[in-house]
Amino acid sequence: MPRMSDSASGKGCVFCEIVKGERSAHIVLDAADAVAFLDARPLFKGHTLLVPREHYETLSDLPEEMLGPFFGHAQRLAAAMETTLGATGSFVAMNNRVSQSVPHLHVHVVPRNRKDGLRGFFWPRHKYASDEEAADYAERLRTAL
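As numbered in the UniProt record's numbering, residues 1 to 145 make up the sequence shown, in order.
1) For the beta strand (DSSP E) that L29 lies in, which residues bound it at each end?
2) Hey, how far is the Cα of A32 from the Cα of T83?
3) Identify, in the order they occur along the chain, each residue of the same chain with its Cβ nearer than 6 Å to the Cβ of M1, setting aside the five sequence neighbours on each side.
4) Buried or exposed for L141, please, with buried defined as at least 16 other CB atoms from any protein chain shown within 10 angstroms of its CB.
5) Could you check if R3 is buried or exposed, using at least 16 other CB atoms within 10 Å of its CB as the buried criterion?
6) Go through the UniProt domain "HIT" (14 to 119) residue by residue and report every complete run of the alpha helix (DSSP H) that reaches 4 residues or more, in order.
In structure tokens form, the structure reads like this:
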């Protein structure tokens, strides 16, 4: 029988330790299926990380039946950024593998205000060479889905 990797099992995962109460964090939401806590290195005060209780590395690993409830929590957190913290809006983001500092699925929910210094996306944009190339990418993705 193949051995599950430490990453897949959650062994040694900082976020799993927070979920289990083995590592301290400022808990914002404690639900049956997810936990949210303040980011230790926030972009702005109130920057929150939402994680599923079970260890899933990426969004594609999360079971389909958990998508709605999980993003329902993200929606509530985004609303709280405005109603509770007085933010004008929020930034909701997730990385999968690339730039994912902890290999446990997590959503960043960050309070935002105009002219707060966060400048959108920090990476360069790449245009399609032609409308045909864009159509080809769309078709390939459509076929995969």
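The beta-carbon is built from N, C-alpha and C at its ideal position, and this holds for glycine as well.
Reading from the atomic positions:
1) 27 to 30
2) 24 Å
3) Per-residue confidence for M1 stands at a pLDDT of 31, beneath the threshold of 50, marking its modelled position as unreliable; no derived number is given.
4) exposed
5) With a pLDDT of only 32 at R3, under the threshold of 50, the placement of this residue in the model should not be trusted; the figure read from the coordinates follows. The residue in question, R3, is exposed, as its Cβ has fewer than 16 Cβ neighbours within 10 Å.
6) 14 to 19, 64 to 83
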